[in-house]
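First to last, the sequence lines map onto chains A and B. Quick note on numbering: full-length UniProt numbering labels position 50 of the first sequence as 50, and the sequence is numbered without any gaps. Quick note on numbering: full-length UniProt numbering labels position 137 of the second sequence as 137, and the sequence is numbered without any gaps. Cβ coordinates follow ideal geometry from the N, Cα and C atoms, glycine included. These figures come from a predicted structure and were not determined experimentally. One structure below.
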Amino acid sequence: MEKKNFTVSVYTENNIGLLSRIAAIFQRRHINIESITASRSEVNGVMRFIIVVQVTEEQVKKIVGQIEKQIEVIKAFYHTDKEMIYQETALYKINSAEFVEDLNIQDFIKESNARIVTVTPKFFVIEKTGKRHETDNLYEKLKPYGLMQFVRSGTIAVTKNEMQISNILEQFDTTN
Amino acid sequence: MEVKTASFEKTASPKTTTVSGAEAVIKCLLEEGVDTLYGYPGGAIMPVYDELYKYQKQIHHVLTRHEQAATHAAQGYARVSGKVGVAMATSGPGATNLVTGIADAQIDSTPMVCITGQVGSHLLGSDAFQETDIIGISTPITKWNYQITRAEEIPEVLAKAFFIARSGRPGPVLIDITKDAQFASLDFSYKKCSGIRSYKPIPKIDPNQIEKAAQAINNAKRPMIVFGQGVILGGAEELFKQVVEKSGVPAAWTILGLSALPTDHPLNVGMVGMHGNYGPNVLTNECDVLIAIGMRFDDRVTGNLEKYAKQAKVIHFEIDPAEINKNVYADIPVLGNVNETLRVLLEHLKPNKHEAWHQRFKEHYKIEFDKVIKNDLNAERGKIGMAEVIDEINTCSNGNAVVVSDVGQHQMATCRYTKFNQTRSNVTSGGLGTMGFALPAAIGAKMGAPKRDVVAIIGDGGYQMTIQELGTIFQTKVPVKIVVLNNDFLGMVRQWQQLFFEKRYASTEMINPDFITIAKGYHIKARQVSERANLKDAVKEMMESDEAYFLEVKVEQEENVFPMVPTGASVSDIRLE
Numbered sequence: 001m002e003k004k005n006f007t008v009s010v011y012t013e014n015n016i017g018l019l020s021r022i023a024a025i026f027q028r029r030h031i032n033i034e035s036i037t038a039s040r041s042e043v044n045g046v047m048r049f050i051i052v053v054q055v056t057e058e059q060v061k062k063i064v065g066q067i068e069k070q071i072e073v074i075k076a077f078y079h080t081d082k083e084m085i086y087q088e089t090a091l092y093k094i095n096s097a098e099f100v101e102d103l104n105i106q107d108f109i110k111e112s113n114a115r116i117v118t119v120t121p122k123f124f125v126i127e128k129t130g131k132r133h134e135t136d137n138l139y140e141k142l143k144p145y146g147l148m149q150f151v152r153s154g155t156i157a158v159t160k161n162e163m164q165i166s167n168i169l170e171q172f173d174t175t176n
Numbered sequence: 001m002e003v004k005t006a007s008f009e010k011t012a013s014p015k016t017t018t019v020s021g022a023e024a025v026i027k028c029l030l031e032e033g034v035d036t037l038y039g040y041p042g043g044a045i046m047p048v049y050d051e052l053y054k055y056q057k058q059i060h061h062v063l064t065r066h067e068q069a070a071t072h073a074a075q076g077y078a079r080v081s082g083k084v085g086v087a088m089a090t091s092g093p094g095a096t097n098l099v100t101g102i103a104d105a106q107i108d109s110t111p112m113v114c115i116t117g118q119v120g121s122h123l124l125g126s127d128a129f130q131e132t133d134i135i136g137i138s139t140p141i142t143k144w145n146y147q148i149t150r151a152e153e154i155p156e157v158l159a160k161a162f163f164i165a166r167s168g169r170p171g172p173v174l175i176d177i178t179k180d181a182q183f184a185s186l187d188f189s190y191k192k193c194s195g196i197r198s199y200k201p202i203p204k205i206d207p208n209q210i211e212k213a214a215q216a217i218n219n220a221k222r223p224m225i226v227f228g229q230g231v232i233l234g235g236a237e238e239l240f241k242q243v244v245e246k247s248g249v250p251a252a253w254t255i256l257g258l259s260a261l262p263t264d265h266p267l268n269v270g271m272v273g274m275h276g277n278y279g280p281n282v283l284t285n286e287c288d289v290l291i292a293i294g295m296r297f298d299d300r301v302t303g304n305l306e307k308y309a310k311q312a313k314v315i316h317f318e319i320d321p322a323e324i325n326k327n328v329y330a331d332i333p334v335l336g337n338v339n340e341t342l343r344v345l346l347e348h349l350k351p352n353k354h355e356a357w358h359q360r361f362k363e364h365y366k367i368e369f370d371k372v373i374k375n376d377l378n379a380e381r382g383k384i385g386m387a388e389v390i391d392e393i394n395t396c397s398n399g400n401a402v403v404v405s406d407v408g409q410h411q412m413a414t415c416r417y418t419k420f421n422q423t424r425s426n427v428t429s430g431g432l433g434t435m436g437f438a439l440p441a442a443i444g445a446k447m448g449a450p451k452r453d454v455v456a457i458i459g460d461g462g463y464q465m466t467i468q469e470l471g472t473i474f475q476t477k478v479p480v481k482i483v484v485l486n487n488d489f490l491g492m493v494r495q496w497q498q499l500f501f502e503k504r505y506a507s508t509e510m511i512n513p514d515f516i517t518i519a520k521g522y523h524i525k526a527r528q529v530s531e532r533a534n535l536k537d538a539v540k541e542m543m544e545s546d547e548a549y550f551l552e553v554k555v556e557q558e559e560n561v562f563p564m565v566p567t568g569a570s571v572s573d574i575r576l577e
């Protein structure tokens, strides 16, 4: 089976140590995590992890099974890129002198729908949100001008279909 | 608003008393029905030990000679009694010494709660004396773990620990308690945990799946059952026997399934796997329906997966959804506790005999008997064989003893030849293969089943990994029977060196001490046998002893365990010699 990008979404309780418990499931199987983010979710007190991995569908199914088995994991899913709306955010720090002198840079920013976050006499910070190839594209264009710093977030994603986590949690409230 | 993530049993009016965190720990153990625990004191757990001193009439603390032994003793206790085993240790080295037993309990699904002391919370992360990140270390080998830093967390967290350890697919839980939380006081009231919102211990049963399974079994011409420890953990032994008897399906066991069905039951066809019986291994690749019940298709069971039961429709009865399709694809997965799913299955089964198919198992047994079993049991020349010793024990125990085995050749001999009439009688380290398991596990097993004879069967290698537990046996006077089958070799590794490494015996020869003198040093009755003529009498003397007894049997040095499925081979390519 062919390896491809899968996004694993994990809804969990907000407890210390869960990140390493989940990460260990990948590490033990010698699978590299392409990106990982954790944040609050739409449900009060529930965290959501978004983990991107390149594996076969057979592997991702087993991983999701192992993740879901963890006591404090409420539910885990996996999705292909097509089933998700996903974005990444990148920050580019550029020398102000270059920016002012070279009009090309200003064009790149306009064309790529990037946003200027901060302006100081010494540097500019530009933010670009989009797909990986879009932030990469801007990176390549800005690189010749001396990127002072570059950083990119992990993928954040929501599914096209409903997740129904609240229903799962309500069931617990009514049965207990 | 605080989110409710767990539910607790309602008590009429839970009395509240102010106690220290350390006392709360003991009170929680008592609430959970713990009568025995195994452990070793040290700086960070001293407040709890101080409370144990006060509560020593209600709770029996067994001082093992090493923390690893505390975990194995707790495992032995849990495996025979079905209760949660409890082990306790201090921080740092005390905690890290628990790791092997925790990993063993995790892979063999043994319910266990480990409690470790931790440095004061203000010292966490400062590399304090005897500080170690036991939460980080134990995360991948526990079902759940948690660090308590405030005394008021103790009752709820321990209630959850016991609930998680024993429910669903059981496993080990580690609770780490900082020293300040042990000293601080809290208003104590206890309510048992009854549910955790993110945790479904038992999946919902799908009756359609059971019906499909029943139909496949009813239509099968050559069905075969492989049962594992799930039958025992689910308390489904009687039900399982009825399923086997009604369907007439030959039933083979994994090493941890052993004793769930009496070994002399006419439909019991023996062990599957690397050193299992010839018939069930070969016929795995001839059956038309393979019914896996509470087992997880370990690689030692399946051999080469590409050549494992490819012709068969696979039905998998399993409590843990993550086990479905993990190693072997299940055509009909049946999720749930076998105690419930087999009950429904039984109603749908049609009575059958499968006589011709049973005949195939008998033919294969005959081949194995002539090539292997006959020689194992009735060698007339040379040194004593391992199976002969097991056979003598069978004669004396009549199949009613708890038999605890270590890891290696003697373990295979024990599991292949021991007669078992009762469930929860076979205690061995199956998944992890932990040498040194048996001696401490036997201590726990005897305490968990005090009315039964407990015989530990150990190799000379594994014995020396936890030999210090003779001290625990001496101090507690626990009347375990210890048999060391001494071949002065790490026999299983030596066997592989002989078969696959052209007899290069790298570091497998053991120059052993005088085991009799050592046992006598601990004031344990001891006897050595090297002549076949004395074996019967020595085993009889051991089995009749009311106190702990050590029997060393000098066995054939270069005996090999057969049948054998070499690594990477198909189960049907099992070798008889």
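Residue state for B:Ala330 is assigned as coil, using DSSP reduced to three classes. If the five residues before and after B:Ala312 are omitted, its C-beta is found closer than 7 Å to the C-beta atoms of Cys287, Asp288, Val289, Leu290, all from its own chain and listed in chain order. Counting along the chain, the unbroken beta strand (DSSP E) around A:Arg48 starts and ends at 46-55. Between the region 133-142 of chain B and the region 101-109 of chain B there are three or more C-beta pairs closer than 8 Å, enough to call the two in contact. Not flagged as an interface residue toward chain A: B:Lys383, since no C-beta distance is shorter than 9 Å. In the DSSP secondary-structure assignment, A:Ser35 is bridged to A:Val52.
In this chain, A:Lys75 is not harboured by any alpha helix (DSSP H); it is covered by the beta strand (DSSP E) spanning 73-80. Residue range 6-8 is occupied by the beta strand (DSSP E) that includes B:Phe8.
Taking C-beta atoms as the reference points, B:Tyr146 and A:Gly17 count as a pair closer than 9 Å. The residues Val231, Ala260, Leu261, Thr423, in chain order, have a CB closer than 8 Å to that of B:Glu237 in the same chain once the five nearest residues on each side in sequence are set aside.
Judged by DSSP in its simplified three-state form, B:Tyr505 adopts coil rather than helix or strand. A direct Cα-to-Cα measurement between B:Leu345 and B:Val249 gives close to 14 Å. Within the same chain, and ignoring the five residues on either side of B:Val48 in sequence, the residues whose Cβ sits closer than 8 Å to its Cβ are Ala22, Val25, Ile26, Met88, Ile115, Gly117, Ile177, Gln182. Around the beta carbon of B:Ser530, fewer than 16 other beta carbons sit within 10 angstroms, so the residue counts as exposed. If you ignore the 5 residues before and after B:Glu67, its C-beta comes within less than 6 Å of the C-beta of Tyr40, Ala89, Gly94, Asn97, Leu98, all in its own chain and listed in chain order. At a cut-off of 9 Å between beta carbons, A:Gln66 contacts chain B.
For B:Lys419, the CB contacts under 8 Å within the same chain, skipping 5 residues up- and downstream, are Thr263, Asp264, Asn394, Ser397, Asn398, Gly399 in chain order. C-alpha of B:Met112 to C-alpha of B:Ile202: approximately 19 Å in a straight line. Membership of B:Lys520 in the alpha helix (DSSP H) is indicated by the continuous run 515-521. B:Asp376 sits in a helix when the DSSP states are folded into three classes. Close partners of A:Leu169 in chain B (Cβ separation under 8 Å): Arg197. Within the DSSP bridge table, the entry for B:Glu318 names B:Leu335 as partners. B:Thr5 belongs to the set of residues whose beta carbon lies under 9 Å from a beta carbon in chain A.
Our two residues, B:Tyr308 and A:Lys62, have alpha carbons roughly 20 Å apart in a direct line. Rounded to the nearest whole angstrom, the CA to CA distance from A:Glu162 to B:Asp331 is 29 Å. Interface annotation, A:Arg21: in contact with chain B, CB-CB separation under 9 Å.
Straight-line measurement puts the Cα of B:Ala70 at about 7 Å from the Cα of B:Pro440.
Counting only unbroken stretches of 3 or more residues, the beta strand (DSSP E) elements lying wholly within the region 98-152 of chain B are 112-118, 144-148, in sequence order. For B:Gly43, the secondary structure class from DSSP, reduced to helix, strand or coil, is helix. Contact annotation, B:Gly228 with B:Leu256: C-beta distance approximately 6 Å; criterion of less than 8 Å satisfied. Excluding sequence positions up to five before and after B:Lys4, its CB lies within less than 8 Å of the CB of Arg197, all in the same chain and listed in chain order. In this structure, B:Gly459 lies near B:Gln409, with their beta-carbon atoms less than 9 Å apart. Counting every other CB atom within 10 Å of its CB across the protein chains shown gives B:Tyr53 a total below 16, marking it as exposed. Cβ contact annotation for B:Gln130 (same chain, cutoff 8 Å, sequence separation greater than five): Gly42, Gly43, Ala44, Thr90, Ser91, Gly92, Pro93, Gly94, Val119, in chain order.
Here B:Ile175 carries a strand assignment [DSSP, helix/strand/coil]. With 16 or more other Cβ atoms inside 10 Å of its own Cβ, B:Thr472 counts as buried.
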